[in-house]
Amino acid sequence: MKSLLFVFLGGGFGSVLRYIIGKYLNNAETGIPYGTFAANILGSLLIGIILGLAAKNDSLTQNQTLLLATGFCGGFTTFSTFAYENHVFLKSGDFTSFAFYTIASFVVGFLAVFLGMFLVK
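So, in structure tokens, the structure goes:
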């Protein structure tokens with residue numbers, strides 16, 4: 027039960043922060059979801075750092091990992107919003123934004139995870 031509480035609390039904080047970032051960075055005029063992109067990339071970097079620290083000499087407890095990686099990063103990043111935003115690009119025929127956003131999200135996201143892991147080595 028304690029584990030669920032850590033995931034719940036971290037997820038709540040992550041979700042609220044994602045909402046705030048999306049509110050201020052998503053561009054309603056162009057429809058470009060800068061906020062979602064920023065949250066996913068920052069979340070990828072954070073999870074790389076968090077799990078890198080957890081693997082390095084067991085420097086994080088299981089509860090800290092649940093709070094930060096599973097909870098916070100899980101609530102902060104969002105694949106469902108990413109998928110919906112790409113649906114909107116495709117439906118409107120904006121194949122360039124679809125391709126750029128999808129490729130950039132995957133490539134930069136993976137690089138952010140690797141960077142996070144590298145930073146804590």
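For the sequence shown, counting from 1, position 89 maps to 115 in the working numbering; every step adds exactly one. Every residue gets a Cβ at the ideal spot worked out from N, C-alpha and C, and that includes glycine.
- Taken through DSSP and simplified to helix, strand or coil, glycine 142 comes out as helix.
- The beta carbon of glutamine 88 sits closer than 7 angstroms to no other beta carbon from its chain once the five residues preceding and following it are set aside.
- When only Cα atoms are considered, alanine 64 and phenylalanine 102 end up about 10 angstroms apart.
- For the stretch 72 to 113, the continuous alpha helix (DSSP H) assignments of 4+ residues that do not extend past its boundaries occur at 88 to 91, in sequence order.
- For the 8 angstroms CB-CB criterion, valine 146 and isoleucine 67 do not form a contact.
- If the five residues before and after asparagine 112 are omitted, its C-beta is found closer than 8 angstroms to the C-beta atoms of Phe124, Tyr127, Thr128, all from its own chain and listed in chain order.
- Between the C-alpha atoms of serine 70 and leucine 137 there is a straight-line separation of about 8 angstroms.
- With a 10 Å radius around the Cβ and a threshold of 16 neighbouring Cβ atoms, valine 139 comes out buried.
- The three-state secondary structure of alanine 54, taken from DSSP, is coil.
- Its chain contains Phe124 as the residues whose beta carbon lies nearer than 8 angstroms to that of leucine 116, once the 5 sequence neighbours on both sides are disregarded; these appear in chain order.
- In this structure tyrosine 60 touches leucine 51 by the C-beta definition: roughly 4 angstroms separates them, less than 8 angstroms.
- When rounded, the separation of the alpha-carbon atoms in glycine 40 and valine 33 is 10 angstroms.
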